[in-house]
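Worksheet: one structure, shown below.
Protein chains: 2
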Amino acid sequence: MPQNDPTTPSAFDTATAVSRAEGGALVAELDPGWDVGGGILNGGYLLSVVARAALLDSPHPHPVAVSASYLRAPSPGPATLTVVPGPAGRTLAHSVVTLADAGGPALTANVTTATLGTAEPEYSHPVPDAPSVEECFSVAEHRHLAPPGVQVPGLSLQVDTRLDPATAGWAFGQPSGEPHLRAWMRFADGREPDPLALLTFADALPPTSFAMGDLGWAPTVQLQVLVRALPAPGWCLVEARSSEIAGGWVDEDYRIWDSTGRLVAQSRQLARSPRR
Amino acid sequence: MPQNDPTTPSAFDTATAVSRAEGGALVAELDPGWDVGGGILNGGYLLSVVARAALLDSPHPHPVAVSASYLRAPSPGPATLTVVPGPAGRTLAHSVVTLADAGGPALTANVTTATLGTAEPEYSHPVPDAPSVEECFSVAEHRHLAPPGVQVPGLSLQVDTRLDPATAGWAFGQPSGEPHLRAWMRFADGREPDPLALLTFADALPPTSFAMGDLGWAPTVQLQVLVRALPAPGWCLVEARSSEIAGGWVDEDYRIWDSTGRLVAQSRQLARSPRR
Numbered sequence: 001m002p003q004n005d006p007t008t009p010s011a012f013d014t015a016t017a018v019s020r021a022e023g024g025a026l027v028a029e030l031d032p033g034w035d036v037g038g039g040i041l042n043g044g045y046l047l048s049v050v051a052r053a054a055l056l057d058s059p060h061p062h063p064v065a066v067s068a069s070y071l072r073a074p075s076p077g078p079a080t081l082t083v084v085p086g087p088a089g090r091t092l093a094h095s096v097v098t099l100a101d102a103g104g105p106a107l108t109a110n111v112t113t114a115t116l117g118t119a120e121p122e123y124s125h126p127v128p129d130a131p132s133v134e135e136c137f138s139v140a141e142h143r144h145l146a147p148p149g150v151q152v153p154g155l156s157l158q159v160d161t162r163l164d165p166a167t168a169g170w171a172f173g174q175p176s177g178e179p180h181l182r183a184w185m186r187f188a189d190g191r192e193p194d195p196l197a198l199l200t201f202a203d204a205l206p207p208t209s210f211a212m213g214d215l216g217w218a219p220t221v222q223l224q225v226l227v228r229a230l231p232a233p234g235w236c237l238v239e240a241r242s243s244e245i246a247g248g249w250v251d252e253d254y255r256i257w258d259s260t261g262r263l264v265a266q267s268r269q270l271a272r273s274p275r276r
Numbered sequence: 001m002p003q004n005d006p007t008t009p010s011a012f013d014t015a016t017a018v019s020r021a022e023g024g025a026l027v028a029e030l031d032p033g034w035d036v037g038g039g040i041l042n043g044g045y046l047l048s049v050v051a052r053a054a055l056l057d058s059p060h061p062h063p064v065a066v067s068a069s070y071l072r073a074p075s076p077g078p079a080t081l082t083v084v085p086g087p088a089g090r091t092l093a094h095s096v097v098t099l100a101d102a103g104g105p106a107l108t109a110n111v112t113t114a115t116l117g118t119a120e121p122e123y124s125h126p127v128p129d130a131p132s133v134e135e136c137f138s139v140a141e142h143r144h145l146a147p148p149g150v151q152v153p154g155l156s157l158q159v160d161t162r163l164d165p166a167t168a169g170w171a172f173g174q175p176s177g178e179p180h181l182r183a184w185m186r187f188a189d190g191r192e193p194d195p196l197a198l199l200t201f202a203d204a205l206p207p208t209s210f211a212m213g214d215l216g217w218a219p220t221v222q223l224q225v226l227v228r229a230l231p232a233p234g235w236c237l238v239e240a241r242s243s244e245i246a247g248g249w250v251d252e253d254y255r256i257w258d259s260t261g262r263l264v265a266q267s268r269q270l271a272r273s274p275r276r
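Protein chains in written order, with full-length UniProt numbering: chain A, 1 to 276; chain B, 1 to 276.
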């Protein structure tokens with residue numbers, strides 16, 4: 001496992017950096033390396049950028065709830081972020097963030113910030129059984145096996161994704177028929193998970209329709225991520241399921257557990273289902 | 001079962017009406033009868049008002065995804081709605097809606113509209129087993145049984161709620177310890193469900209923490225509702241579960257099936273857990 005060099009910022013921190021330009025505008029440089037194929041940037045990656053912008057002026061250090069509408073796919077390169085602060089209290093603060101590129105607004109998000117901890121839960125869903133990381137299937141190492149027409153995304157080089165073989169049959173032409181995927185995840189350069197990272201992980205699996213044998217892109221329409229606790233260092237277990245595929249729409253429901261088995265994030269998105 | 005009189009608007013349609021005032025501003029009259037106790041209006045009810053505002057200028061007739069941050073509880077009475085339209089295409093349209101009362105903004109929402117149908121799903125979670133409506137427990141009819149300190153909300157007179165006895169033990173001082181509630185719902189005046197109604201139903205059960213024996217209010221911080229299909233007439237089955245209660249936060253996950261057993265809506269919210 002590569003280790004973080006504390007003197008070098010991680011790929012994730014560099015790719016999601018938000019800074020204040022002269023005149024006060026918030027700017028980012030969207031990194032083409034965090035794509036899902038075809039130059040389309042990952043929706044979770046964009047959410048991490050948006051949350052960083054919200055945190056700059058927030059009295060609280062962590063995103064706890066972020067929900068975004070994806071208006072259009074922004075181009076890699078310069079982007080601006082507009083943060084409209086809402087009420088801020090002792091427990092939490094709200095803001096609305098818009099991410100725009102040269103083509104105009106691409107994403108609007110409600111961001112709620114607060115202070116997360118690691119307090120023992122009063123109630124928690126247990127972590128599911130999953131094979132060890134070593135027994136799982138590295139997406140990056142098997143990119144040469146990608147079926148014709150399937151482009152292995154840049155995202156899978158940034159986020160080391162180890163699919164549970166029980167949900168990886170589609171990669172070998174044997175889809176399970178169940179819209180269910182499960183994988184261990186961590187950043188390829190060893191950067192440890194935190195709430196900002198969980199926003200990216202919460203949309204980093206292939207579309208659940210892959211497990212049904214539909215290997216097309218499923219563009220996100222709206223995505224909500226809840227971050228529930230500070231994740232422990234190490235691999236996160238990430239699970240995605242769909243409840244209904246109908247009329248050209250699909251939902252994806254993620255749960256993320258940290259290396260101690262603690263539920264640390266949940267997400268739900270509505271996406272367009274891949275064209276057949 | 002009372003029937004809709006087609007010459008009289010239903011209580012829901014009246015309470016969620018949005019109109020254009022002189023000068024073009026969108027206004028609503030928030031109805032104190034849709035409260036959850038203590039003059040606090042139900043979050044799902046507010047979402048229905050917000051979606052109506054978004055539909056006024058949308059090329060599409062139905063809300064398919066609505067996610068809102070609850071900034072502060074608005075007072076019953078006059079409210080204004082500000083709709084900022086985003087991109088609109090042949091399949092869907094986006095907008096950002098802000099609901100404000102005299103005290104300022106109370107709710108900001110991302111609204112996605114589209115045209116829903118009743119197409120047979122390619123994949124769908126089956127409806128859970130539940131006793132018939134007649135075998136379930138009417139919240140309105142048993143309001144005199146409310147434990148000391150628990151105010152039966154106005155909402156429960158508007159939305160006829162019949163709790164599955166398996167998840168109603170808390171009402172008799174026998175909490176199950178599982179944050180899980182299930183009930184049949186329909187409007188008390190017989191108005192049939194539609195996508196706008198599902199936005200209200202998606203937050204109309206008591207807090208799941210009631211099933212744990214915590215009978216306090218759990219204020220919604222952020223709520224996302226996805227509407228998946230046009231519901232058939234009749235009762236809807238509404239189920240809420242929590243995955244984690246920790247550090248003063250609780251999630252609530254709803255699924256709603258129509259009278260034919262079709263999954264028609266899903267929601268997830270982050271709320272503050274009741275103070276003990």
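In this text, a Cβ means the ideal position worked out from N, Cα and C, and glycines have one as well.
Relative to Val-139/B, the option among Gly-190/B, Ala-109/B and Ala-204/B whose CA is nearest is Ala-204/B. Unbroken alpha helix (DSSP H) stretches of 4 residues or longer found wholly inside the region 39 to 116 of chain B: 43 to 56, given in chain order. The straight-line gap separating the alpha-carbon atoms of Thr-118/A and Leu-223/A is approximately 25 angstroms. Between the region 217 to 235 of chain B and the region 176 to 193 of chain B there are three or more C-beta pairs closer than 8 angstroms, enough to call the two in contact. For Phe-210/B, there is no enclosing beta strand (DSSP E), as DSSP marks it with neither H nor E. Judged by beta-carbon spacing, Ala-54/B lies within the 8 angstroms limit of Pro-63/B, meaning their Cβ atoms are closer than that value. Residues of the region 37 to 51 of chain A with a Cβ closer than 9 angstroms to any Cβ of chain B: none. Inter-segment contact for the region 39 to 51 of chain A and the region 64 to 71 of chain A is present: three or more beta-carbon pairs are separated by less than 8 angstroms.
DSSP, reduced to helix, strand and coil, places Val-18/B within a strand of the structure shown. Among the residues of the region 62 to 74 of chain B, those with a Cβ less than 9 angstroms away from any Cβ of chain A are Val-64, Ala-65, Val-66, Ser-67, Ala-68, Ser-69, Tyr-70, Leu-71 and Arg-72, in the order of the chain.
Counting along the chain, no beta strand (DSSP E) covers Ala-188/A, and no H or E run does either. For Ser-156/A, the enclosing alpha helix (DSSP H) covers residues 155 to 158. By the Cβ criterion, the region 248 to 264 of chain B is in contact with the region 123 to 141 of chain B, since at least three pairs of Cβ atoms, one from each stretch, lie closer than 8 angstroms. Inter-segment contact for the region 83 to 94 of chain A and the region 246 to 254 of chain A is absent: fewer than three beta-carbon pairs are separated by less than 8 angstroms.
Secondary structure of Arg-143/B (DSSP, three-state): helix.
The continuous alpha helix (DSSP H) containing Thr-200/A extends over residues 195 to 201. Fewer than three Cβ pairs drawn from the region 71 to 82 of chain B and the region 155 to 164 of chain B lie within less than 8 angstroms of each other, which leaves the two stretches out of contact.
In this chain, the beta strand (DSSP E) harbouring Gln-222/A covers 220 to 227. C-alpha of Ser-75/B to C-alpha of Gly-39/B: approximately 8 angstroms in a straight line.
Distance from the CA atom of Leu-92/A to the CA atom of Pro-131/A, rounded to whole angstroms, is 37 angstroms. One thing to note: Asp-214/B has its Cβ within 8 angstroms of the Cβ of Pro-274/B. The C-alpha of Glu-29/B is placed about 43 angstroms away from the C-alpha of Glu-239/A. Per DSSP, the unbroken beta strand (DSSP E) holding Arg-241/B starts and ends at 236 to 241. Rounded to the nearest whole angstrom, the C-alpha separation of Pro-32/A and Leu-41/A is 7 angstroms.
When beta bridges are read from the DSSP output, Leu-270/A appears opposite Gln-222/A and Asp-251/A. Taken through DSSP and simplified to helix, strand or coil, Val-133/A comes out as helix.
Proximity to Trp-217/B across Val-96/B, Leu-107/B and Gly-37/B peaks at Gly-37/B, based on C-alpha coordinates.
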